[in-house]
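To start, the structure under review is shown below, and the notes come after it.
As structure tokens, this is what we get:
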């Protein structure tokens, strides 16, 4: 509330026992009493109801055997695992699909937003049509459409659509070749980590040199090379022998390779399109917010069109784009909970769905589910506030 | 005062807008532009014709069974099967509401439309016509249902508040107090006579509403205020009685049978009606100087905004019954309505807060220095201006709310999405999901898009200071 300029309501500060002050205290007392009373009443009812249903409140159930399987997971999990383990699997699945969606939706959003402002009539009309169509349809409808109407009617694995003979699209999902290696794979990651550190160092150094001397250095390209080349060098040196596990049809399904289940594809597709359309509008608003005079001034100084974009338009547009775009990213995270409707095992489906049904621990499961979303949302909002205060225009 | 010298405004030169020139300027202006145009055109040429062929040219429109859509070999054909949508149309609109009772839904929709027409910024003549039609149709409808006495009673009851309207009433030359007395008296008399004649305790509730109308109408004596009162206080009671039934000879229809577009709109409209006042209260609470009130509001708003709507619906449908005394059952629809209203109220509060923050503090100071009290300052000076600024945000929240109502399918209500999800998994109609979702999508799209357009128009009108 930094731009809140209006006069605060209520009694003037400093006065001790004015009528307004007494009234304020009385109102607050009533509110507090009502809240506490409601809470006590509700908790009393809940204890009675739980006792009657024979459910012991508390988090002991997290150590019990879950007994259900989860068809998409990043860590080891079996029906013999505990509910606590299932919770972790659900959190990781939610985060996976959210990160995939955020990356793709941001890319699509920039393409749509810039496309809608294009001089090219066909490009701008197409982008506008896509945005206006997608934005005005419920996400749930789009999700069910992709899942039920597009992915489910795909052929069985035997008649799968072959993409170049290595990847296959069927009603079991998208199966792609996966890398396999018996060698020390950690060396590849280590090389990439070192490259990343070097790239950051180069970036910092070039920034300092530019501020001190005004000379420019292609830090972006050098950084990219530093990140990509070392892992490639490790791979080609033969220290880590790598082979591709190409999926083969065996019986009724594919063997080998990596399979993206249709639930994940549908969710990813729907989240990407929906958030992409909203991010597109954010990007458009951001670009339009840069005053025309800024571009004209840059042109008058003799900057090339590319430099005008890179040095004048984009930095100013980003300041406007990033806060609402973060809100969109958070919305995507929350929207990923629609997974429960198509059976993708995200946090809500695994924990507020299956676990709740099996254990009856409604308060604990829904509470833990909400807490995860709250923690992530609040953490990102906090980060956003830091960014905003850093990016705010400094008046000298 | 400075003097300005205006140069005469010349018409722009008549450019020769030949199609060829237009194409060169807008499609083929550079190498990259040409490349983009050509590749996009190729993509569209590849994707669009099959779509049109599926949806229109090869589609099956007539017939009443699945067989109409199959090829002679007995497989699902290449075109869309709109017969599926046609067969399910009644369910998509009304859910499982009994066939012979569906006129009740239509009647509620008609009353709502007439009521909205008197409230929304439309032309004055349209508003008057809608109000008059409301009185006549209401009277005739009630007369058909419960005999001529009920018809007259309802017509008089409806006419009461409308008599308050200075811009409509034939009594506009009378002093305000006399008009209020007449109008309230008429409505109260009608309600009282109706109550005695038909022996329902509900009549007392009606009388109370009419008295509220008197207070309301005294200050805002316009057709819009009368319509707002009828729509906000009378319509919910009326619609509930009409749709649920169980009285006045109308058979009882449990909410489990409500569904389709009817349920979607019921949830959306109730959510809108509840979330705006709740959101205003929350926004005011968030800016209050009383720490307990402020922290409660901030906590509520940030909590709701930080979690997905599905979890709020789960909260309302699974956890709420736990916190109520044993044996107190809350209707499933009502639980969903509470969840939806709380959820959108939190978002609405943030929109309203934006408007309150945008307002110049001088407005409050001016109102206070004129001697207005807190309530008057808020109701007559601050809120009208603050809400006007954020109309686009409010409509955006409404559109989001309409789209979010689809989530009630998760807790087992049969709204549009719930109905189509059930319909597409009917073993007799497997394989026609695309048609079903396309149709439902079209319904949602038309509703959302027209709301967005209406908001744009409203924004322009308000910017010009009209309405």
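Protein chains in written order, with the UniProt record's numbering: chain G, 1 to 396; chain X, 1 to 467.
Each residue gets a CB set at the ideal place from its N, CA and C atoms; glycine is no exception.
In this text the structure is predicted, and so the values were computed from the model without any measurement.
Query, Result
"Taking DSSP's pairing of strands, which residues face residue 205 of chain G in a bridge?", "Partner(s): none; residue 205 of chain G has no beta bridge."
"Give a yes or no on whether the C-beta atoms belonging to residue 254 of chain G and residue 328 of chain G are separated by under 7 Å.", "no"
"Just how far apart, CA to CA, sit residue 86 of chain X and residue 436 of chain X?", "10 Å"
"For the beta strand (DSSP E) containing residue 243 of chain G, list its first residue and its last residue.", "243 to 245"
"Looking at the C-beta of residue 445 of chain X, does it have a partner C-beta in chain G at a distance below 7 Å?", "yes"
"With 9 Å as the C-beta to C-beta threshold (strictly closer), list the residues of the stretch 132 to 145 of chain G near chain X in chain order.", "132, 133, 135, 136, 137, 138, 139, 140, 141, 142, 144 and 145"
"Quick check for students: name the residue ranges of the beta strand (DSSP E) that lie wholly in the stretch 289 to 321 of chain X, counting only runs of 3 or more.", "none"
"State the beta-bridge partners of residue 258 of chain X as determined by DSSP.", "X/95"
"Check the DSSP bridge columns for residue 161 of chain G and list the partner residues they point to.", "G/169"
"When DSSP labels each residue in this structure, what does residue 344 of chain G get in the three-state scheme?", "coil"
"Since residue 261 of chain G and residue 71 of chain G should fall inside the 8 Å C-beta cutoff, what is the C-beta to C-beta distance between them, to a whole number of angstroms?", "6 Å"
"Taking all protein chains shown into account, do 16 or more other C-beta atoms lie within 10 angstroms of the C-beta of residue 309 of chain X, making it buried, or fewer, making it exposed?", "buried"
"Does the CB of residue 261 of chain X have a neighbour CB from chain G at under 7 Å?", "no"
"So residue 66 of chain X packs on residue 428 of chain X, CB below 8 Å; how close in whole Å?", "6 Å"
"Alpha carbon to alpha carbon, how far is residue 68 of chain X from residue 414 of chain X? Give it in angstroms, no decimals.", "27 Å"
"Specify the secondary structure class of residue 416 of chain G as computed by DSSP and reduced to three states.", "With chain G covering 1 to 396 only, the question about residue 416 of chain G has no answer from this structure."
"Taking the beta strand (DSSP E) that residue 250 of chain G belongs to, which residues open and close that run?", "248 to 250"
"Let's test the definition: count the other Cβ atoms within 10 Å of the Cβ of residue 337 of chain G and tell me whether it reaches 16, buried, or not, exposed.", "buried"
"Indicate the three-state DSSP secondary structure (helix, strand or coil) for residue 27 of chain X in the structure shown.", "coil"
"State the Cα-Cα distance for the pair residue 447 of chain X and residue 165 of chain G, rounded to the nearest angstrom.", "45 Å"
"Suppose you measure from the CA of residue 105 of chain G to the CA of residue 161 of chain G; what does that come to, to the nearest Å?", "26 Å"
"Determine contact between the stretch 221 to 231 of chain G and the stretch 122 to 130 of chain G, defined as no fewer than three beta-carbon pairs at a distance below 8 Å.", "no"
"Indicate whether the contact test is met: 3 or more Cβ pairs, each with one atom in the stretch 380 to 396 of chain X and one in the stretch 248 to 256 of chain X, closer than 8 Å.", "no"
"Specify the secondary structure class of residue 179 of chain G as computed by DSSP and reduced to three states.", "strand"
"May I ask you to list, following chain order, the residues of the stretch 47 to 64 of chain X that have a beta carbon less than 9 Å from some beta carbon of chain G?", "none"
"So what's residue 415 of chain X in DSSP terms, helix, strand or just coil?", "strand"
"Residue 319 of chain X versus chain G: which residues are under 8 Å apart at the beta carbon?", "362, 363 and 366"
"Among the candidates X/353, X/262, X/160 and X/80, whose CA atom is the shortest distance from the CA of residue 279 of chain X?", "X/353"
"To the nearest angstrom, report how far apart residue 244 of chain G and residue 179 of chain G are at their CA atoms.", "5 Å"
"Helix, strand or coil, according to DSSP, for residue 69 of chain G in the structure here?", "coil"
"Look up residue 259 of chain G in the DSSP assignment and say whether it is helix, strand or coil.", "strand"
"Is the stretch 310 to 319 of chain G touching the stretch 56 to 67 of chain G in the sense that three or more CB pairs, one from each, lie closer than 8 Å?", "no"
"Taking the alpha helix (DSSP H) that residue 103 of chain X falls in, what are its first and last residues?", "102 to 119"
"For residue 380 of chain G, which residues of its own chain have a beta-carbon under 7 Å away from its beta-carbon, when the five flanking residues on both sides are left out?", "326 and 330"
"Could you spell out the range, first to last residue, of the alpha helix (DSSP H) harbouring residue 404 of chain X?", "391 to 404"
"Should residue 403 of chain X be flagged as near chain G, meaning a C-beta pair shorter than 7 Å?", "yes"
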